[in-house]
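Novice:
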Amino acid sequence: MAMFSARGLNNFISELRACGSREEEQKRVDKELGKIRQKFTQGSGGVAGLGGGGPTLQSYDRKKYAWKLIYIYMLGYDVDFGHVQIISLVSGAKYSEKCLGYLGCSILLKASDELMTLVINSIRNDLKSREASSQCLALCCVANLGGADLSETMGPDVGALLTSSASIAHVRKKAALCMRRLLPDNPELLTLDDMEQRLGDLLAESHLGVVTSAMSLLQTALALHPTAFRSLVEPCIQRLNAL
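In the numbering used here, the protein residues as written are 2 to 244.
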């Protein structure tokens with residue numbers, strides 16, 4: 002996770018922790034939400050589909066307000082605005098923006114939300130990019146959200162990363178875990194022969210993280226197809242003997 006430190010965010014958290022009652026905390030949260038809403042309205046010139054008349058918010062401020070909204074939501078309060086601004090961070094040029102955007106999407110959105118249509122293209126672009134860090138963030142977001150629709154839309158791109166020679170081990174590991182999350186929602190995502198071949202390739206790798214992730218994927222696949230993957234019994238035994 003990219004580290005982010007903002008005095009305003011730290012002060013806000015300290016003020017909430019110092020509140021003596023739920024009512025006092027609610028009052029402070031409502032005040033902050035009103036302030037953030039105003040800032041987003043005034044500085045929305047750089048967000049497509051929004052009409053603010055003020056200057057576009059700087060990266061630092063966008064991240065600060067996004068972190069506050071996420072924190073408020075995690076305290077149990079409703080956050081009914083700011084989603085578009087947080088989604089826009091996913092396509093940010095800076096890793097800290099992209100990281101925060103994906104975190105916000107994972108926490109604030111559900112796979113069935115209409116706003117997901119705004120982030121789908123960014124996820125697909127990151128899955129197909131050559132930047133391993135972007136691929137990993139996209140894989141984590143897809144795995145966190147899950148759902149049949151996202152599985153159908155992103156499944157082929159995730160599958161392509163599983164055994165791609167261009168993917169580093171860390172990406173293949175996350176791709177295996179992401180596929181494990183998507184498979185129950187869409188059992189036809191991969192044919193049995195294709196899945197068996199890919200799992201066999203992953204189990205033969207030397208990277209322990211890739212192998213353990215592949216075993217988790219195999220466990221999920223076996224729950225869906227109990228009589229399949231017999232050719233993988235011997236490779237699994239060999240890997241266990243090598244431990």
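Even glycine gets a Cβ: it sits at the ideal position worked out from N, Cα and C. Since the structure is predicted, the reported quantities are computational estimates derived from the model, not experimental observations.
Counting only the same chain and skipping the five closest in sequence on each side, list residues whose C-beta sits under 8 Å from that of Ala-222.
Specialist: Leu-184, Met-196, Leu-200, Ala-229, Phe-230
Novice: Report buried or exposed for Ser-113, applying the criterion of at least 16 other Cβ atoms within 10 angstroms of its Cβ.
Specialist: Burial is judged here by how many other beta carbons sit within 10 angstroms of a residue's own beta carbon; Ser-113 has fewer than 16 and is exposed.
Novice: Which residue marks the beginning of the alpha helix (DSSP H) containing Lys-40, and which one marks its end?
Specialist: 23 to 43
Novice: Is Gly-105 near Gly-93, with beta carbons less than 8 Å apart?
Specialist: no
Novice: For Tyr-72, which option in Val-172, Ile-14, Ala-133, Asp-158 has the closest C-alpha, if you only look at C-alpha atoms?
Specialist: Ile-14
Novice: With distances taken Cα to Cα, identify the nearest neighbour of Thr-213 among Gln-198, Arg-38, His-171.
Specialist: His-171
Novice: Between which residues of its own chain and Pro-236 is the CB-CB distance below 8 Å, once the five residues before and five after are set aside?
Specialist: Excluding residues within five positions, the ones whose Cβ falls inside 8 Å are Gly-201, Leu-204, Ala-205.
Novice: Does Cys-141 come out as helix, strand or coil in the three-state DSSP assignment?
Specialist: helix
Novice: If we call anything under 8 Å between Cβ atoms a contact, is Leu-17 one with Glu-26?
Specialist: yes
Novice: When burial is assigned at 16 or more other CB atoms within 10 Å of the CB, is Ala-49 buried or exposed?
Specialist: Confidence at Ala-49 is low in this model, with a pLDDT of 42, below 50, so its placement is unreliable and the value that follows should be read with caution. Flag for Ala-49 reads exposed.
Novice: Under a Cβ-count criterion, where at least 16 other Cβ atoms within 10 Å of its own Cβ denotes burial, should Leu-190 be classed as buried or exposed?
Specialist: buried
Novice: Hey, Leu-70 and Ile-37 are a contact pair by Cβ (cut 8 Å); roughly how many whole angstroms apart?
Specialist: 6 Å
Novice: Counting only the same chain and skipping the five closest in sequence on each side, list residues whose C-beta sits under 7 Å from that of Asn-242.
Specialist: For Asn-242, where only same-chain residues beyond five positions count, there are no Cβ hits under 7 Å.
Novice: Going by DSSP, what residue range makes up the alpha helix (DSSP H) through Met-117?
Specialist: Unbroken run through Met-117: none, as it is neither H nor E.
Novice: Please report the straight-line C-alpha distance between Val-85 and Asp-194, rounded to a whole angstrom.
Specialist: 41 Å
Novice: State the Cα-Cα distance for the pair Leu-218 and Thr-57, rounded to the nearest angstrom.
Specialist: 44 Å
Novice: If contacts are defined as beta-carbon pairs under 8 Å, then Arg-29 and Cys-20 qualify, I think. What distance do you get, rounded to the angstrom?
Specialist: 6 Å
Novice: Looking at the unbroken alpha helix (DSSP H) that takes in Thr-213, where does it start and where does it end?
Specialist: 209 to 225
Novice: What is the rounded straight-line gap between the Cα of Tyr-61 and the Cα of Gln-39?
Specialist: Tyr-61 and Gln-39: Cα-Cα distance of roughly 17 Å.
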